[in-house]
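Residue numbers (our numbering): 1 to 743. Note sheet for the following structure.
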Amino acid sequence: MAESETRYRIGGMDCASCATKIDTAVRRLTGVADVSVSVMAGTMTVRHDGSSDLKAIEKKVTGLGYSVAPLAGTAAPARTQGSQHRHDHGHDHRDHAGHDHDHPHDHGEKEIEGLHGHDHAPMAGPWWQSRKGRLTILSGAALVAAYTVGHLVPAIASYAFIVAMLIGLVPIARRAIMAALSGTPFSIEMLMTIAAVGAVIINAGEEAATVVFLFLVGELLEGVAAGKARESIQSLTALVPKTALLEANGQMREVPAESLAVGATIMVRPGDRISADGIIISGESAIDEAPVTGESTPVRKCVDAVVFAGTVNGDAVLRVRVTAAAADNTIARVVKLVEEAQESKAPTQRFIDRFSRYYTPGVVVVAALVAVVPPLLFARPWGEWVYKGLAILLIGCPCALVISTPAAIAASLSAGARRGLLMKGGAVLETLGKVTMVAFDKTGTLTEGKPQVTDIISFDLSEAQVLSRAAVLEQGSSHPLALAILNRAKAGGVPVPPAFELEALPGKGVSGKVGGETLDLLSPPAARERGALGAEQDARITALNDEGKSVSVLLVNGVAAGLIAMRDEPREDAEAGLAALKSAGVKAMMLTGDNMRTAAAVAGMLGIDWRGEMMPEDKQRVVGELKRQGFVVAKVGDGINDAPALAAADIGIAMGGGTDVALETADAAVLHGRVGDVARMIELSQRTMRNILQNITIALGLKAVFLVTTIAGITGLWPAILADTGATVLVTINALRLLRIKV
């Protein structure tokens, strides 16, 4: 049976433990082949065969207390009422924690009473207005009241603290039970509940109430931090205006941007944001593309140029033909790509997930041994060692450790996407930092992809006259060499009078008449055939060819009047981009299908190693050879003719082949065709891996310190909970630093 995919928006996930809890529950269901959950994106993708009951999947997620809504474009049944779910057993996929979360609940869904001690709305307003915030304030107020009552009436102090503790603990305990019934017995809620109840039993009610309050504060901070990370990429969608000026039947009317159909014509006024991806059909203007590509200077665009939704029109009215529906525009696809990328785990993240599956039960065993062994074998006091065992339970929660990788990766993917650097997942991001060789395509990657006039050599006429006559013959042609001549004439303000009797000479050139002159623009071999070239002129042509330039010969009344040389020139930033790679210790090489002379000329200008006259399979072979030599290879190309080499490389980076190709092919994409962006992508990866290492050090280091001080009797329960929630918040804040980087 063919597999299909359904994507959901999941409300209420603040940490990696929520994702694992949902993963654990959904993976058990019949017909489910694979589950990918992203905390930062708030999404879940389920791969399943036709036998799957999608209603059962949604019911299972709502049963855990999260909201679930099928994403547009995925077949899914109507949402189910939140209800108690079926309890499956015998699954060995253990979770490590399960936190309190704010999340949106869909209309028609009933909240499962007592499952979550929190509200089901995103933390959009102030934190104190959320139900989670109110519960934290209430717990804190109860704790202050208990201290006051205990001071005034010492006899009932212990009961006051128990009441204060129960206000915060009851919702936590309910969630612990639901998580256990869903196959997650070792959740933070469960560890918290055991520790708090245990503390009351050994007459440490004051500390139990304090611990519960600190736990709620930590979760609140965690929710705020996770929300910030999620907002970063979602804020991209806010760049696209809600309305558009639609041109229909000669009239202009304002319509919702999401209603625009492909092929519709819209008008964009100066200063307006463009409301859809499209092609300019009239007008010329400077477009500020910084929101989409990170390009700081506006780009001049005229008729037939491509524009993106969310970019800002500068100084003139444009008419644009829409080329993509709202759900498929560049920004929507970037957001979707980043969300999907966050669901694919990096090797480091997969390792930590596996580690935490055994780590948490291990901590429970250690805590039990600390509580039981000294009193039984060494006659130590039970109260003291049970207390230490309970503190170790709280220290042992691996939340900070487990969030360390996905938080950094989500922040990094978002930071990259906002600057036009797209990476498809954690594994790609992790591998990019290890790249030691970048193999570039030439045309459209290291070069502009279209020839430009580099030399105008006149024999009897002025340069302007040579250019004017050549442009006359090329009028109406769409050949790249013809366009290069016409663009140069336009840029230089050279007059181009109309021509008569224009005739294409297949394989040779073009001829025509203007102002009584017979003009021919021919290839050098065709000019030689007519005997129009002398030895000196031939030598000039050979010298230009050696520089990798294509040459056209202008004949006026059969006599050579001038030469026009053209070449696909390197991108403005190619040299600086390659230098940035070199300074980062990464080698670069150019692989091109172009002839040896052109390849050598471009490579010489850029100072790069090269291979020329290569077919796509040759490029693939060279990439394979480089890998066998021990290089970690990134292949950069336009994503079309480079497909075999992109696939063969460790990382394929699409650049310059249009956003459609760039977004759909390869492992990563550079939305703006800057060579320097490849170095920026590698640097972002290396910075992310350093951030992950810092996070793991913070998480494990704090736990190790508090483990030693707890056993030594220096710290107790409330510092233990600070060690856990404090580490989680520190790790999340450290990861969020990646959002602010300038790449």
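Note that CB positions come from ideal geometry on N, CA and C, so glycine has one too.
Kindly list the residues whose CB is nearer than 7 Å to the CB of I608, restricted to its own chain and excluding five residues on each side of it in sequence; keep chain order.
Numbered from its first residue, the sequence shown carries residue 608 at position 608. Closer than 7 Å at the Cβ level, and outside the excluded window around I608, lie L578, A588, M589, M590.
Might you give, ordered along the chain, the residues of its own chain that have their beta carbon closer than 8 Å to the beta carbon of E517, omitting 5 neighbours on each side?
As a first step, residue 517 must be located in the sequence shown, where it is residue number 517. Taken in chain order, the residues that qualify are R469, V556, N557.
My guess is that A276 and N329 are in contact by the Cβ rule of under 8 Å, so how many angstroms apart are they, rounded?
In the sequence shown, residue 276 corresponds to position 276, counting from 1. In the sequence shown, residue 329 corresponds to position 329, counting from 1. That belief holds up - the Cβ atoms of A276 and N329 are roughly 6 Å apart, short of 8 Å.
Which same chain residues, not among the five before or five after V299, have their C-beta less than 6 Å away from its C-beta?
For this step, residue 299 is matched to residue 299 along the sequence shown. Taken in chain order, the residues that qualify are I287, E289.
Which same chain residues, not among the five before or five after D460, have their C-beta less than 6 Å away from its C-beta?
Your numbering for residue 460 matches position 460 in the sequence shown. Same-chain partners within the cutoff: A561.
Considering only C-alpha positions, which residue in the set A69, L467, K336 is nearest to L481?
On the sequence shown, position 481 is the one that residue 481 refers to. Looking at the Cα atoms, L467 is the closest of the given residues.
Find the nearest neighbour of T445 within the set I10, V35, V678, D304, judged by alpha-carbon distance.
Position 445 of the sequence shown, counting from 1, holds the residue named residue 445. Checking every option, the nearest Cα to that of T445 belongs to V678.
Report the partner residues of I287 according to the DSSP bridge assignment.
Here residue 287 corresponds to residue number 287 of the sequence shown, with the count starting at 1. As computed with DSSP, I287 is found in a beta bridge with V299, N313.
Quick check: R680 and R419, are their CB atoms within less than 9 Å of each other?
Here residue 680 refers to the residue found at position 680 when the sequence shown is read from its first residue. Here residue 419 refers to the residue found at position 419 when the sequence shown is read from its first residue. The answer is yes: Cβ separation under 9 Å.
Cβ-based burial, A543 [other Cβ within 10 Å; buried from 16]
Indexing the sequence shown from 1 puts residue 543 at position 543. The residue is exposed, with fewer than 16 neighbouring Cβ atoms inside 10 Å.
Express the C-alpha separation of E683 and R47 in angstroms, rounding to a whole number.
Within the sequence shown, numbered from 1, the residue matching residue 47 stands at position 47. Within the sequence shown, numbered from 1, the residue matching residue 683 stands at position 683. If I take the Cα positions, the gap works out to 34 Å.
Tell me whether the beta-carbon of F186 lies closer than 9 Å to the beta-carbon of P361.
For the purposes of this step, residue 186 is identified with residue 186 of the sequence shown, where counting begins at 1. For the purposes of this step, residue 361 is identified with residue 361 of the sequence shown, where counting begins at 1. Yes, Cβ-Cβ distance for F186 and P361 is below 9 Å.
Quick check for students: name the residue ranges of the beta strand (DSSP E) that lie wholly in the stretch 2-40, counting only runs of 3 or more.
If we require 3 residues or more, the beta strand (DSSP E) runs fully inside the stretch 2-40 come out as 4-11, 32-38.
DSSP puts F161 in a beta bridge; with which residues?
Position 161 of the sequence shown, counting from 1, holds the residue named residue 161. BP columns for F161 are empty, so no partner.
Just list the residues that DSSP pairs P719 with in beta bridges.
By 1-based counting over the sequence shown, the position of residue 719 is 719. According to DSSP, which records beta bridges pairwise, P719 is partnered with nothing at all.
May I ask you to verify whether the stretch 155-175 touches the stretch 193-200, counting CB pairs closer than 8 Å and requiring at least 3?
Touching, per the Cβ criterion.
Going by other Cβ atoms of all chains shown within 10 Å of its Cβ, with 16 needed for buried, is S583 buried or exposed?
What you label residue 583 is simply residue 583 of the sequence shown in a count that begins at 1. So S583 ends up on the exposed side.
Between which two residues does the alpha helix (DSSP H) holding M192 run?
To locate residue 192, count along the sequence shown from 1; it is residue 192. Where M192 is concerned, the enclosing alpha helix (DSSP H) stretches over 188-201.
In its own chain, which residues sit with a C-beta less than 6 Å from the C-beta of V670, not counting the 5 before and 5 after it?
Numbered from 1 along the sequence shown, position 670 holds the residue referred to as residue 670. The answer, listed in chain order, is M655, D677.
Buried or exposed, going by whether 16 or more other CB atoms sit within 10 Å of the CB of N695?
Here residue 695 refers to the residue found at position 695 when the sequence shown is read from its first residue. Counting Cβ neighbours within 10 Å, N695 comes out buried, since at least 16 surround it.
Assuming contact is defined by CB atoms lying nearer than 9 Å, are S511 and L473 in contact in what I supplied?
For this step, residue 511 is matched to residue 511 along the sequence shown. For this step, residue 473 is matched to residue 473 along the sequence shown. For S511 and L473, yes; Cβs fall inside 9 Å.
Identified DSSP bridge partners for P70
Counted from its first residue, the sequence shown places residue 70 at position 70. DSSP, once it has assigned bridges, lists Y8 as partnering P70.
What does the alpha-carbon distance come out to for the pair A56 and L29?
As a position in the sequence shown, residue 56 is number 56, starting the count at 1. As a position in the sequence shown, residue 29 is number 29, starting the count at 1. Rounded to whole angstroms, the separation of the alpha carbons of L29 and A56 is 8 Å.
In angstroms with no decimal places, state the Cα-to-Cα distance between T18 and D34.
For the purposes of this step, residue 18 is taken as residue 18 along the sequence shown, with counting starting at 1. For the purposes of this step, residue 34 is taken as residue 34 along the sequence shown, with counting starting at 1. The question names Thr, but residue 18 in the sequence shown is Cys. Rounded to whole angstroms, C18 to D34 spans 17 Å at the Cα level.
Determine the contact status of D568 and K442, defining contact as a CB-CB distance below 9 Å.
For the purposes of this step, residue 568 is taken as residue 568 along the sequence shown, with counting starting at 1. For the purposes of this step, residue 442 is taken as residue 442 along the sequence shown, with counting starting at 1. Cβ atoms of D568 and K442: closer than 9 Å.
Under 8 Å by Cβ, that's how I've got V307 and S282 pegged, so tell me the actual separation to the nearest angstrom.
Locating residue 307 in the sequence shown gives position 307, where the first residue counts as 1. Locating residue 282 in the sequence shown gives position 282, where the first residue counts as 1. Taking 8 Å as the upper bound for CB-CB distance, V307 and S282 are not in contact here, some 13 Å apart.
Nearest-angstrom Cα distance between A723 and A645?
By 1-based counting over the sequence shown, the position of residue 723 is 723. By 1-based counting over the sequence shown, the position of residue 645 is 645. If you take the alpha carbons of A723 and A645, they lie about 49 Å apart.
Pairwise C-alpha distance: A142 and Q129
For the purposes of this step, residue 129 is taken as the residue at position 129 of the sequence shown. For the purposes of this step, residue 142 is taken as the residue at position 142 of the sequence shown. The straight-line gap from Cα to Cα measures roughly 18 Å.
Is L429 closer than 9 Å to S412 when the C-beta atoms are compared?
As a working note, residue 412 is residue 412 in the sequence shown. As a working note, residue 429 is residue 429 in the sequence shown. It is a contact, given that the beta carbons lie within the stated cut-off.
Near T193, which residues of its chain fall below 8 Å by C-beta distance, leaving aside the five closest residues on each side in sequence?
Indexing the sequence shown from 1 puts residue 193 at position 193. L169, I172, A173, A176.
So the alpha helix (DSSP H) P406 belongs to, where does it begin and stop?
By one-based count along the sequence shown, residue 406 stands at place 406. It spans 399-417 - the alpha helix (DSSP H) in which P406 sits, taken as one unbroken run.
Which listed residue (A634, A325, I280) has its alpha carbon closest to that of P256
Start at 1 with the first residue of the sequence shown, and residue 256 comes out as number 256. Of the listed residues, the one whose Cα sits closest to P256 is A325.
Can you tell which of I564, I409, K549 has the C-alpha that lies nearest to the C-alpha of V39?
Here residue 39 corresponds to residue number 39 of the sequence shown, with the count starting at 1. Ranking the options by Cα distance to V39, first place goes to I409.
Looking at the secondary structure, which residues open and close the alpha helix (DSSP H) in which A634 lies?
The sequence position of residue 634 within the sequence shown is 634, counting from 1. Premise fails: A634 lies in the beta strand (DSSP E), 633-637, not in any alpha helix (DSSP H).
Between I651, A195, S182, which lies nearest to K424 when the distance is taken from Cα to Cα?
Translated into the one-based positions of the sequence shown, residue 424 becomes position 424. K424 has its Cα closest to that of I651, out of I651, A195, S182.
Applying the criterion that 16 or more other CB atoms from any shown protein chain within 10 Å of the CB defines a buried residue, is D49 buried or exposed?
The sequence position of residue 49 within the sequence shown is 49, counting from 1. Its Cβ having fewer than 16 others within 10 Å, D49 is exposed.
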